[in-house]
Structures are given as structure tokens and as C-alpha cells.
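*Asks:* This is the structure I want to talk about, given as C-alpha cells.
Residue numbers (our numbering): 55 to 154.
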């Protein structure tokens, strides 16, 4: 009885791993196609650009989240206020002379 149960679990794990292997093989095939079409240097540059963009987005998201500690919230609000004021000042300088 125990052996049948273990066998069923192994077969289930095998099916799951086979499915995952197919997915990974598909990804590897697509990556190799990109390498062949674009070249190794271009693919590497695109990957590094994407990593940098994702890191910048995550940093921006973390920066925009309000901290839990009150003392940190005050500093956070001060920084957001300074950024907002700098943007307003930048926009005024940019559009100066364009007023009707």
C-alpha cells in the first residue's frame, strides 16, 4: 500500500517536472533565437538595460511608499515636498515667456 502511494507521488512529481522542463526548454529556444538574430552583445545590453530599468522602478516605488515610523514619515514628507517644489520651479522656468 505504501509503495503504491509513493509511486503515485513520484509519478505526479515526474509529470510536474516534465511540464516545467518543457517550459524551460521553450524559454531556452526563444533566448537562443534572440542570440542568433540580434547577437550576443545586443542581447546582453538589452538584458542589462531591462535590469537597470526594473531596479529604477523598484527604487522609485520604495521611495514613494510612506514609512511606518513617525520620525521617518516627517523626513519622507519633507523630501516629497522639496521634490514637488523643485518640479514646480522647473516647470515655471521651462514655460516662462509662454504665458498669454
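Even glycine gets a Cβ: it sits at the ideal position worked out from N, Cα and C.
(1) Look at the Cβ atom of residue 89, then the Cβ atom of residue 97, and state whether they are nearer than 8 Å.
(2) Going straight from the alpha carbon of residue 86 to that of residue 79, what length do you get?
(3) Using only alpha-carbon positions, find the residue among 117, 125, 126, 149 that is nearest to residue 137.
(4) Using a Cβ-Cβ cut-off of 8 Å (strictly less than) and excluding sequence neighbours within five positions of residue 130, which residues of its own chain qualify?
*Replies:* On the basis of the supplied data:
(1) yes
(2) 10 Å
(3) 117
(4) 120, 121
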